[in-house]
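Enquirer: Reading the sequence shown from the start, the letters are residues 32 to 289 in the numbering used here.
This structure is in structure tokens; I'll ask about it shortly.
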Amino acid sequence: MVLTNDARGAFVWGVLDRLLDESGLSFGNITASGFGAMEAAVLAYGLALGNRRGARTALTNFWRRVSHVSMFPADSANPLRLILEQSIDIAEIRRKSCPVKLSIVASNARTDAVKIFASDQLSIDAIVAAATIPFLFPAVEIDGDTYWGDGDLSGLPPAQPADAGHRLIIAGKPAMSMTPCGACRLAANHAAMKPAQIHTVFDGRHRAGAALLTRPGTDWGELTDMRDRGRQRAEDWLLADHLFVDERSAVDSKNRYI
32 MVLTNDARGA
42 FVWGVLDRLL
52 DESGLSFGNI
62 TASGFGAMEA
72 AVLAYGLALG
82 NRRGARTALT
92 NFWRRVSHVS
102 MFPADSANPL
112 RLILEQSIDI
122 AEIRRKSCPV
132 KLSIVASNAR
142 TDAVKIFASD
152 QLSIDAIVAA
162 ATIPFLFPAV
172 EIDGDTYWGD
182 GDLSGLPPAQ
192 PADAGHRLII
202 AGKPAMSMTP
212 CGACRLAANH
222 AAMKPAQIHT
232 VFDGRHRAGA
242 ALLTRPGTDW
252 GELTDMRDRG
262 RQRAEDWLLA
272 DHLFVDERSA
282 VDSKNRYI
């Protein structure tokens with residue numbers, strides 16, 4: 032099933048869960064692709080309704096739904112929509128008062144062009160499209176065209192000078208655009224004066240999760256194990272990144288890629 036194909040998303044859940052413990056970290060702007068689009072929307076919705084505690088609860092409930100649907104046959108062709116509709120209210124995320132400005136990245140199924148859905152373009156369709164695995168499930172029609180997932184972080188827009196600060200990339204596995212660095216590492220030199228400092232956190236054991244792709248379901252224990260691994264990776268990164276830890280009370284993380 033599509034949900035087991037992105038079971039590594041539970042690692043991202045763990046990273047987010049640990050970062051929610053840090054009161055000095057803000058989630059002002061999030062750009063998300065792949066299954067991370069679902070998690071980003073749930074995070075934004077939870078923050079809008081109940082701050083950090085609300086976000087943590089929303090993510091936990093979301094993953095319980097994922098676990099349930101992955102263990103039992105789904106009634107719909109694409110179970111992602113049902114899970115998302117049960118997990119968020121898109122109207123809350125689109126409100127100007129929402130603490131997170133969310134952008135969703137999907138790929139045009141006809142042209143392969145990357146499209147970013149943001150602001151008034153945000154919709155359940157856009158989020159489901161971003162999370163839809165190409166060729167495994169049908170592309171999602173939006174405004175007369177069709178879209179599905181684009182999980183390549185290199186397709187995301189580069190940091191702009193106006194985004195000075197720190198940019199954090201969180202992923203279930205390293206991408207070609209990332210600097211090879213083991214499980215966690217800074218992708219930019221703190222000593223260099225650059226518009227934005229880029230940090231990456233990814234699952235150093237991502238290959239271990241590949242076996243999940245061949246199984247029809249993912250039980251709760253497996254998901255929480257991946258969550259706990261994500262929490263530990265985030266903890267290691269926070270401890271290792273001394274400059275960022277020292278600055279975090281004053282830093283507004285301008286962009287988070289999930």
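Note that CB positions come from ideal geometry on N, CA and C, so glycine has one too.
From what residue to what residue does the alpha helix (DSSP H) around A68 run?
Expert: Walking along the sequence shown from the start, residue 68 turns up at place 37. Looking at the DSSP string, the run of the alpha helix (DSSP H) that includes A68 is 67–102.
Enquirer: Considering Cα atoms alone, identify which of R83, G77, A71, G45 is closest to L56.
Expert: On the sequence shown, position 25 is the one that residue 56 refers to. The residue with the shortest Cα to Cα distance from L56 is R83.
Enquirer: Which value, in whole angstroms, describes the spacing of the CA atoms of I229 and F58?
Expert: In the sequence shown, counting from the first residue as 1, residue 229 sits at position 198. In the sequence shown, counting from the first residue as 1, residue 58 sits at position 27. For I229 and F58, the distance between alpha carbons rounds to 15 Å.
Enquirer: Please list the segments of the beta strand (DSSP E) lying wholly inside the stretch 109–179, counting only runs of 3 or more residues, in order along the chain.
Expert: Counting whole runs of 3 or more residues, the stretch 109–179 contains the beta strand (DSSP E) stretches 132–139, 145–149, 171–173.
Enquirer: With a threshold of 7 Å, establish whether the CB of D176 neighbours any heavy atom of the ligand FAD.
Expert: In the structure shown, the ligand FAD is absent, as is every other ligand, since no ligand is present at all.
Enquirer: Measure the C-alpha to C-alpha separation of S134 and S98 and round it to an integer number of angstroms.
Expert: For this step, residue 134 is matched to residue 103 along the sequence shown. For this step, residue 98 is matched to residue 67 along the sequence shown. One C-alpha to the other measures close to 26 Å.
Enquirer: Going along the chain, which residues of its own chain have a beta-carbon closer than 7 Å to the beta-carbon of V73, five neighbours each way excluded?
Expert: The residue labelled residue 73 in the question sits at position 42 within the sequence shown. Excluding residues within five positions, the ones whose Cβ falls inside 7 Å are A89, L90, F93, S118, I119.
Enquirer: Considering only their Cβ atoms, is the gap separating Y76 from I124 smaller than 8 Å?
Expert: To locate residue 124, count along the sequence shown from 1; it is residue 93. To locate residue 76, count along the sequence shown from 1; it is residue 45. Yes, Cβ-Cβ distance for I124 and Y76 is below 8 Å.
Enquirer: Measuring CA to CA, which of S54, E53, A71, F66 is closest to N60?
Expert: Translated into the one-based positions of the sequence shown, residue 60 becomes position 29. That would be A71, whose Cα lies nearest to the Cα of N60.
Enquirer: Could you tell me if A68 is buried or exposed, where buried requires 16 or more neighbouring beta carbons within 10 angstroms of its beta carbon?
Expert: As a first step, residue 68 must be located in the sequence shown, where it is residue number 37. Buried is the call here.
Enquirer: Is it true that the CB of D48 sits closer than 8 Å to the CB of R96?
Expert: Taking the sequence shown and counting its residues from 1, one reaches residue 96 at position 65. Taking the sequence shown and counting its residues from 1, one reaches residue 48 at position 17. No, Cβ-Cβ distance for R96 and D48 is not below 8 Å.
Enquirer: Taking 8 Å as the limit between beta carbons, can you name the residues of its chain near S128, skipping five residues before and five after?
Expert: If you number the sequence shown from 1, residue 128 lands on position 97. A79.
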